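This report refers to the structure that appears directly beneath it.
Number of protein chains: 2
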Amino acid sequence: MVNTPGFRLSARFADVKSSPVRDIQAVIGRDDIITFAGGIPDADLFEADDFAAAFDYVLTHQAKRALQYASTPGEPELREQVALRLARQLPTHPDQIQVTSGSQEGLFLVGMALLDAGDVVLVEQPTYLAAVQAFSLAGARLVSVPSDEHGVLPDALAAAIAEHDPKFVYLVPNFQNPTGRTMPLERRRQVAELLVQTGTPLLEDDPYGELRFDGEPVPPLASLPGMAGQTVIQNSASKTMAPGVRIGWLRAEGDILRALEIGKQAVGLQTAVTDQLAVARYLATCDLDAHIVKVAAAYRERRDAMVDGLRAILPSQASVNRPEGGMFLWAELGEGVDTAAVLPRALECGVAYVPGWPFYAADPDHSTMRLSYVTNTPAVIATGIERLARAFGW
Amino acid sequence: MVNTPGFRLSARFADVKSSPVRDIQAVIGRDDIITFAGGIPDADLFEADDFAAAFDYVLTHQAKRALQYASTPGEPELREQVALRLARQLPTHPDQIQVTSGSQEGLFLVGMALLDAGDVVLVEQPTYLAAVQAFSLAGARLVSVPSDEHGVLPDALAAAIAEHDPKFVYLVPNFQNPTGRTMPLERRRQVAELLVQTGTPLLEDDPYGELRFDGEPVPPLASLPGMAGQTVIQNSASKTMAPGVRIGWLRAEGDILRALEIGKQAVGLQTAVTDQLAVARYLATCDLDAHIVKVAAAYRERRDAMVDGLRAILPSQASVNRPEGGMFLWAELGEGVDTAAVLPRALECGVAYVPGWPFYAADPDHSTMRLSYVTNTPAVIATGIERLARAFGW
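Protein chains in written order, with this note's numbering: chain C, 1188 to 1581; chain G, 1188 to 1581.
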């Protein structure tokens, strides 16, 4: 028997697409395009000196450890620091932490640990794109649960659980990507009660929760009665500290921790020890809370510049929300507008955004778009909005 | 319908075990145990000052880039440096490089790109354990090809290709893990010809090739006629520079590069930018060749200490080989010895190794063991061998 020459890709790649966000970003490497597309923090706000000092400490005082193999769950110092931080909202022991190479790896590991081909994951409508990609590669069938501006609708969630027997529910309760919406406490209570009642596990993805500009923090679902043991909660250094170090972490209890560890062995043995120790050092010696206050102040101003700028010129059938934190706002441009179709013209006009349709697991609303307000200053945002207006003919 | 409470792990975890090597290493954190178990480089040989300088440069001069998101294939400087190095043996363009978070991620990405449930991967007998784990998680069925001290037997390989229609063949041609054996040029030619003739892709894993102490380098299979386009070749910074930075890279051509990139997006967006830039800086400004000469000299001495020490006391039915490079040697202790059964006593005696059986995809030889000679100095190796002798009753 003679094979056809060359590689035969696996079937899982037949349905899995490249990330539209990443593809748009590749196009907009051009300096003349103002990008509202990616959730890219403003590098001018990074604590570069603090990170330089942290890496310098690690490479000077812990070099042999930092350059060597290490254990799969993660470095003790880092697990302790992130457990301390999580414990502000949820009692957490360092042993309950699995360090990951960024949140994306965390999503992938949870998917791999729980999903067989054809298994259902329930997601919000719309939901975070890269999670869809990670779960799809594990063979999942994603089912959207009808949602409003406060997140999933409890009745619809109950019906979906009954119908689909999902392996888990995936939610981003704080400043959701892509919509910027936050689930209020009362909704969280209803959802948690339902999940506990039906024994349905939750993957609570919380990269943005600490980036709150207005209003009061809402407790994580994992902290509500009965939820800690059936929730994997995920945080990341990417949004509050720096994405380039690729440090995220999962908090879980019981058997799933062991499956996550074995998955992590298979995917990459351990996260870069250099970065783990540097982030641990940063957390132990620098004031992340003060940094977040500074960043939140800048992002609040940018959010307002974008929301106010857009509301001043949007046609009457269009709307944008004003999230209380995070990185994104969500625009609904109304009947008949197709944001994907307009994108090429927007790029010609020198501005980029992400069309809303890829964030829907089904039944996309083609009039929607995601706009990030964190990358640019208010002055640049104003220019970007002028370009959007030109592209859309507002 | 009410679910059973809690997490239901995916079926893929039913068959996938934790790495015995990692598990043994977790046990031997104790300072009083001399370990020949892991392929752990001697941290005293790391170029700690050079890496401190490289990280310092990156965090001082490229901090905004290093701390920011970046492209999925990898940083241009790093892709260029590793392409230059690969080009010593195989013409390589930087666009043909996908950076990975260590070799393990590379194995996982190739498995994910090519394997559907039930697909066959042909492997050497014995083969590298963590590759088995990575391919198994993608659903592969691993089939061992009979091998001798020069690697897979071409006739047996031909028969296995005809019988199993494998998605790819996985080989470690230089100083293989676990056996230390190297495939001679003539065998490589026979294998390459067969793979080209049958259009069978190859994953050529080469983490150890540059660590040669004796003899002449042998060209990679990827460089033999017709092979470049149907081979993914993989290298790593872990064995020649430092494992803690988690930097590896794949070299491939054509469509599979795109699948590897999409897989990498899903598994973790990109490898830590800090480490990518630091390794690129190290390669651009330091003399890796000189470092390898230094390391090879130390490892040669250690290999000889271990081989000579063992041969002086091994019973007549037992044997060890003397690899020309790499990190491991392979001992066959002969009929009736079960190295796994003796391991607890060895640990009591204060010495660790890895039993050979887990390295076999089928039909394990229980009398075998893998010994790493790189972690310890000759004096410590001598003490370790005394302890082995006590444990085995030599």
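Heads up, the beta-carbon is just placed ideally off N, CA and C, and yes, glycines get one too.
These numbers were taken from a predicted model, which means no experiment stands behind them.
Buried or exposed (CB count within 10 angstroms, at least 16 for buried), residue i
i: G1305(G); result: exposed
i: Q1286(C); result: Sequence check: residue 1286(C) is Val here, not Gln. With 16 or more other Cβ atoms within 10 Å, it is buried.
i: T1427(C); result: buried
i: L1196(C); result: buried
i: V1480(G); result: exposed
i: L1271(G); result: exposed
i: I1500(C); result: exposed
i: R1532(G); result: exposed
i: S1290(G); result: buried
i: S1423(C); result: buried
i: Q1283(G); result: buried
i: T1472(C); result: exposed
i: D1550(C); result: exposed
i: D1218(G); result: exposed
i: R1438(G); result: buried
i: A1477(C); result: exposed
Three-state class that DSSP yields for residue i in the structure shown
i: P1551(G); result: coil
i: E1311(C); result: strand
i: F1200(C); result: helix
i: Y1256(G); result: coil
i: T1461(G); result: helix
i: E1336(G); result: coil
i: G1431(G); result: helix
i: R1275(G); result: coil
i: E1264(C); result: helix
i: I1348(C); result: helix
i: V1286(C); result: strand
i: N1190(C); result: In this predicted model, N1190(C) has a pLDDT of only 42, less than 50, meaning its place in the structure is not dependable; the value taken from the coordinates is given anyway. In this structure, N1190(C) counts as coil in the three-state DSSP scheme.
i: L1302(C); result: coil
i: Y1357(G); result: strand
i: L1398(G); result: coil
i: V1480(C); result: helix
i: R1195(C); result: coil
i: V1330(C); result: strand
i: E1234(G); result: coil
i: D1392(C); result: strand
i: R1468(C); result: helix
i: E1403(G); result: coil
i: R1577(G); result: helix
Within chain C, partners of residue i - CB distance below 8 Å
i: T1427(G); result: Going along chain C, no residue has its Cβ under 8 Å from T1427(G), so there is no contact; the nearest lies around 12 Å.
i: L1534(G); result: Those do not exist, as L1534(G) stays about 18 Å from chain C at its closest Cβ, beyond 8 Å.
Contact set between residue i and chain G, taken where Cβ atoms lie within less than 8 Å
i: K1251(C); result: A1230, D1231, F1233, A1235
Identified DSSP bridge partners for residue i
i: I1221(G); result: V1538(G)
i: N1422(G); result: W1436(G)
i: S1559(C); result: F1515(C)
i: S1506(G); result: E1519(G)
Own chain residues within Cβ distance below 7 Å of residue i, not counting five before or after
i: A1345(G); result: L1381
i: D1237(G); result: Y1469, C1473
Contacts that residue i makes with chain C (C-beta to C-beta distance below 9 Å)
i: I1227(G); result: Q1255, Y1256
Nonlocal neighbours in the same chain, by C-beta distance under 6 Å from residue i, ignoring five residues either side
i: D1525(G); result: H1553
i: A1171(C); result: Summary: the structure shown does not reach residue 1171(C), with chain C confined to residues 1188 through 1581, and so no result is reported for it.
i: H1337(C); result: M1370, P1371, R1374
i: G1513(C); result: F1362, G1367, Y1395, L1398
i: I1227(C); result: T1562
i: M1188(C); result: Residue confidence is low: M1188(C) scores 37 on pLDDT, short of 50, so the model does not pin down where it sits. Its coordinate-derived value is still stated next. Once the five neighbours on either side are set aside, M1188(C) has no close Cβ partner at all.
i: L1444(G); result: none
i: H1351(G); result: V1307, V1330
i: R1199(C); result: L1324
Proximity test, Cβ basis, 8 Å: residue i and chain A
i: F1194(C); result: This model lacks chain A altogether; the protein chains it does include are C and G.
7 Å Cβ cut-off: residues of chain C touching residue i
i: P1360(G); result: What P1360(G) touches in chain C: nothing, since even the nearest Cβ is about 20 Å away.
i: L1390(G); result: Neighbours of L1390(G) on chain C: none; closest Cβ ~10 Å, over 7 Å.
i: T1247(G); result: A1239
beta-carbon residue i near the ligand MN non-hydrogen atom, thresh 7 Å
i: A1505(C); result: Here there are no bound small molecules, and the ligand MN is not part of this structure.
Nonlocal neighbours in the same chain, by C-beta distance under 8 Å from residue i, ignoring five residues either side
i: R1489(G); result: Y1560, V1561, N1563, T1564, P1565, I1568
i: E1511(C); result: F1362, T1369, R1399, F1400, D1401, G1402
Under 9 Å by beta carbon: chain G residues contacting residue i
i: T1461(C); result: F1238, F1242, A1429, G1431, V1432, R1433, A1459, T1461, D1462, A1465
Chain-ordered neighbours of residue i on chain G, where CB pairs are closer than 7 Å
i: L1302(C); result: S1197
i: S1331(C); result: The premise fails here: S1331(C) is roughly 20 Å from chain G at the closest Cβ pair, so nothing lies under 7 Å.
i: Q1276(C); result: Those within 7 Å of Q1276(C) in chain G number zero; the least Cβ separation is about 21 Å.
i: K1354(C); result: R1195
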